[in-house]
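The numbering used here applies: residue 1 is where the sequence shown begins, and numbers increase by one. In what follows, a single structure is set out as structure tokens and then discussed.
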Amino acid sequence: MEFFDLKDKKEALSWLLSTGEEARKLRQAAHEVKMAHVGNKVYLRALIEYSNVCRKNCYYCGIRSGNSAVRRYTVGKDEVLRAARFAHQAGFGSLVLQSGERQDEAFIRDIEELVDAMMQQSGGELGITLSLGEQKPETYARWKKAGAIRYLLRIETSSPGLYTRLHPAGHSFQARLDCLKSLRDAGYQVGSGIMIGLPFQSPEQVVEDVYFLKEMDVDMVGMGPYIEHPQTPLWEYRDRIPSKQERYDWSLNAWALLRLIAPDINIASTTAIGSLSPKGREEALYAAANVIMPNLTPFSCRKEYFLYEHKICIEESHEDSRENIERIIREAGCEPEYFSQGNSRHFHARFQGE
Ligand code: SAM
Ligand code: SF4
Numbered sequence: 001m002e003f004f005d006l007k008d009k010k011e012a013l014s015w016l017l018s019t020g021e022e023a024r025k026l027r028q029a030a031h032e033v034k035m036a037h038v039g040n041k042v043y044l045r046a047l048i049e050y051s052n053v054c055r056k057n058c059y060y061c062g063i064r065s066g067n068s069a070v071r072r073y074t075v076g077k078d079e080v081l082r083a084a085r086f087a088h089q090a091g092f093g094s095l096v097l098q099s100g101e102r103q104d105e106a107f108i109r110d111i112e113e114l115v116d117a118m119m120q121q122s123g124g125e126l127g128i129t130l131s132l133g134e135q136k137p138e139t140y141a142r143w144k145k146a147g148a149i150r151y152l153l154r155i156e157t158s159s160p161g162l163y164t165r166l167h168p169a170g171h172s173f174q175a176r177l178d179c180l181k182s183l184r185d186a187g188y189q190v191g192s193g194i195m196i197g198l199p200f201q202s203p204e205q206v207v208e209d210v211y212f213l214k215e216m217d218v219d220m221v222g223m224g225p226y227i228e229h230p231q232t233p234l235w236e237y238r239d240r241i242p243s244k245q246e247r248y249d250w251s252l253n254a255w256a257l258l259r260l261i262a263p264d265i266n267i268a269s270t271t272a273i274g275s276l277s278p279k280g281r282e283e284a285l286y287a288a289a290n291v292i293m294p295n296l297t298p299f300s301c302r303k304e305y306f307l308y309e310h311k312i313c314i315e316e317s318h319e320d321s322r323e324n325i326e327r328i329i330r331e332a333g334c335e336p337e338y339f340s341q342g343n344s345r346h347f348h349a350r351f352q353g354e
């Protein structure tokens with residue numbers, strides 16, 4: 001029997017806003033769906049925050065181009081390859097290269113060469129995910145050809161009106177949608193996601209966003225709470241957003257709702273939920289998530305990839321990070337799945353369908 005009428009958005013809203021025993025019931029139902037469709041294995045994706053140089057100026061983001069207080073960095077090729085080797089030897093199975101957005105040829109070529117070098121170094125075993133923003137279809141195709149298999153581009157919000165309020169001119173909702181389509185056409189496993197608890201965002205909108213991700217037929221999702229940053233334009237509205245506890249509860253409930261309506265996708269337990277509460281990533285894994293991302297960004301750079309205040313994983317060494325991640329997974333009652341690329345079951349099903 002279904003836990004709730006999956007088409008009923010009013011009911012979904014009441015679950016999104018649930019707390020206490022009701023929320024526990026929702027998360028338990030999602031946990032059972034997760035166990036039935038993707039099991040209790042958690043895939044590990046090493047995260048390398050490759051560069052904080054960004055041509056964009058999103059109003060919520062600490063590394064936006066307009067923030068002159070940021071010391072800009074780009075990790076050297078050797079350091080990326082060293083982290084990728086560590087990830088491969090540690091059995092992480094896959095890696096995410098994330099960065100501020102650049103579209104110049106030097107950047108495109110550097111990424112192409114890095115992906116190719118990581119593939120060669122790992123004998124083609126490392127599953128490479130990119131999260132490098134909006135690019136031309138030809139660029140996505142070049143990086144795919146070099147060996148990347150997954151791409152994460154969050155829609156941030158499915159409301160075009162809210163998207164416009166969160167971005168300056170030249171940042172377009174339609175361009176974002178077009179990129180998601182190009183990624184799919186290029187054959188990537190496509191990931192998207194949203195932020196929860198943004199200024200001007202209603203809980204009804206969060207429900208719409210969750211359904212939007214389902215309708216977009218994405219293979220994977222990385223989403224989480226919005227967290228303020230003092231050097232951003234949205235800081236001014238910090239008293240007009242849901243409390244930290246509300247953003248935490250809504251995020252976990254949104255994860256659970258998503259798992260219920262999209263049972264076979266990959267869902268990441270993201271850093272932002274862990275930054276709101278020490279138990280955040282465990283709770284997300286228990287209810288819905290099946291992917292976690294140990295941070296392997298070189299130490300000297302981590303504190304400069306400061307998207308929002310109180311961001312975690314800034315102080316950990318690689319080994320600490322590995323032990324910590326393993327503890328989080330086991331405390332959630334799950335098992336780490338080492339030496340696996342952790343591909344999305346939804347992608348396989350979609351591919352067979354096509
Ligand atoms: N530049 C690429 C892009 O925008 O897709 C990738 C890097 S960007 C830093 C990755 C994600 O960080 C964004 O999609 C956004 O959802 C998230 N992010 C940025 N600022 C945030 C904030 N203040 N709170 C929570 N998440 C934030
Ligand atoms: Fe740049 Fe991404 Fe931050 Fe926007 S969210 S400012 S594109 S790094």
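Ideal Cβ placement from N, Cα and C applies to all residues, glycine included.
Start-to-end residues for the alpha helix (DSSP H) that takes in G191: Taken as a continuous stretch (DSSP letters only), G191 belongs to no alpha helix (DSSP H), being part of the beta strand (DSSP E) at 189-192.
Which residue wins for smallest C-alpha separation from D209, given the options P242, R238, Q231, W250? For D209, the nearest C-alpha among the options comes from W250.
Rounded separation between L16 and L252 - CA only: Between L16 and L252, the alpha-carbon positions lie close to 9 Å from each other.
With distances taken Cα to Cα, identify the nearest neighbour of R327 among L44, R27, W235. Measuring from the Cα of R327, the nearest candidate turns out to be L44.
From G191, A141, A90, G333, pick the residue whose C-alpha is nearest to that of A46; which is it? Of G191, A141, A90, G333, the residue nearest in Cα terms is A90.
Check whether the Cβ of E304 lies closer than 7 Å to any heavy atom of the ligand SF4, and answer yes or no. Every heavy atom of the ligand SF4 is 7 Å or more from the Cβ of E304, so no.
Whose C-alpha, out of A106, E282, C54, is nearest the C-alpha of G333? The candidate whose alpha carbon is nearest that of G333 is E282.
Start and end residues, beta strand (DSSP E) containing G274: Careful: G274 lies outside any beta strand (DSSP E), inside the alpha helix (DSSP H) at 271-276.
Start-to-end residues for the beta strand (DSSP E) that takes in P336: That run of the beta strand (DSSP E) goes 335-337.
Let me check you understand the geometry: is the CB of R82 closer than 7 Å to at least one non-hydrogen atom of the ligand SF4? No, the beta carbon of R82 sits no closer than 7 Å to any heavy atom of the ligand SF4.
For M1, is the classification buried or exposed, using 16 other Cβ atoms within 10 angstroms of its Cβ as the cut-off for buried? In this prediction, M1 scores a pLDDT of 44, lower than 50, which makes its location untrustworthy; the coordinate-derived value is nonetheless stated afterwards. By the 10 Å Cβ count, M1 comes out exposed.
Taking the continuous alpha helix (DSSP H) assigned at G66, which residues delimit it? Taken as a continuous stretch (DSSP letters only), G66 belongs to no alpha helix (DSSP H), as it is neither H nor E.
Given 8 Å, three or more beta-carbon pairs between the stretch 162-170 and the stretch 105-117: Short answer: they don't touch.
With three or more beta-carbon pairs closer than 8 Å as the criterion, would you say the stretch 230-237 touches the stretch 85-105? They do not touch, by the three-pair rule.
Taking the alpha carbon of Q245 as the reference point, which residue from S65, E215, Y226 has its own alpha carbon closest? Closest option to Q245, Cα to Cα, is Y226.
When the Cα atoms are used, what is the spatial distance from P137 to H348? If you draw a straight line from the Cα of P137 to the Cα of H348, it comes to about 23 Å.
Among residues of its own chain, excluding the 5 on either side of H31, which ones have a beta-carbon nearer than 7 Å to its beta-carbon? Counting only Cβ-Cβ distances below 7 Å, and skipping sequence neighbours, we find Y286, A287.
DSSP three-state label for Y151, please. Three-state result, Y151: strand.
Excluding the five sequence neighbours on either side, which residues of its own chain have a C-beta within less than 8 Å of the C-beta of Q352, listed in chain order? In its chain, beyond the 5 residues on either side, no residue has a beta carbon closer than 8 Å to the beta carbon of Q352.
In terms of alpha-carbon separation, which member of T270, T139, I261, I48 lies closest to H37? Out of T270, T139, I261, I48, I261 has the C-alpha closest to the C-alpha of H37.
Are there any heavy atoms of the ligand GTP lying less than 7 Å away from the beta-carbon of E228, as far as the coordinates show? What this structure holds is the ligand SAM and the ligand SF4, not the ligand GTP.
Taking 8 Å as the CB-CB limit, is P298 close to chain B? Here chain B cannot be found, since the structure has a single protein chain.
Compare the C-alpha of I329 against each of Y151, T270, M223 and name the closest. Nearest of Y151, T270, M223 to I329, Cα basis: T270.
With a cut-off of 8 Å, do at least 3 Cβ pairs link the stretch 75-84 to the stretch 112-126? Of all C-beta pairs linking the stretch 75-84 to the stretch 112-126, three or more are shorter than 8 Å, placing the two stretches in contact.
Three-state class that DSSP yields for G161 in the structure shown: The answer is helix: DSSP assigns G161 an H, G or I state.
Going by alpha carbons, who is nearest to G124 out of S94, P199, L153, Q135? Selection S94, P199, L153, Q135 evaluated against G124 yields S94 as nearest (Cα-Cα).
Neighbourhood of I63 by C-beta, 6 Å cutoff - its chain only, sequence neighbours within 5 removed: The residues are N52, C54, V70, G100.
With three or more beta-carbon pairs closer than 8 Å as the criterion, would you say the stretch 303-310 touches the stretch 173-186? The stretch 303-310 vs the stretch 173-186: no contact.
With DSSP as the reference, please indicate the residues paired to T74 in a beta bridge. Answer is S51.
Cβ-heavy atom distance between K136 and the ligand SF4 below 7 Å? In this structure, K136 has its CB at a distance of at least 7 Å from all heavy atoms of the ligand SF4.
DSSP three-state label for M1, please. In this predicted model, M1 has a pLDDT of only 44, less than 50, meaning its place in the structure is not dependable; the value taken from the coordinates is given anyway. Under the three-state reduction of DSSP output, M1 falls in the coil class, being neither helix nor strand.
CB-CB length for N266 against G127, believed under 8 Å: Their Cβ separation, rounded to whole angstroms, is 11 Å, which puts N266 and G127 out of contact at 8 Å.
Hey, is K56 close to the ligand SF4, as in C-beta under 7 Å from one of its heavy atoms? K56: yes, Cβ under 7 Å from the ligand SF4.
C-alpha gap between G39 and S68, whole angstroms: Rounded to the nearest angstrom, the two C-alpha atoms are 45 Å apart.
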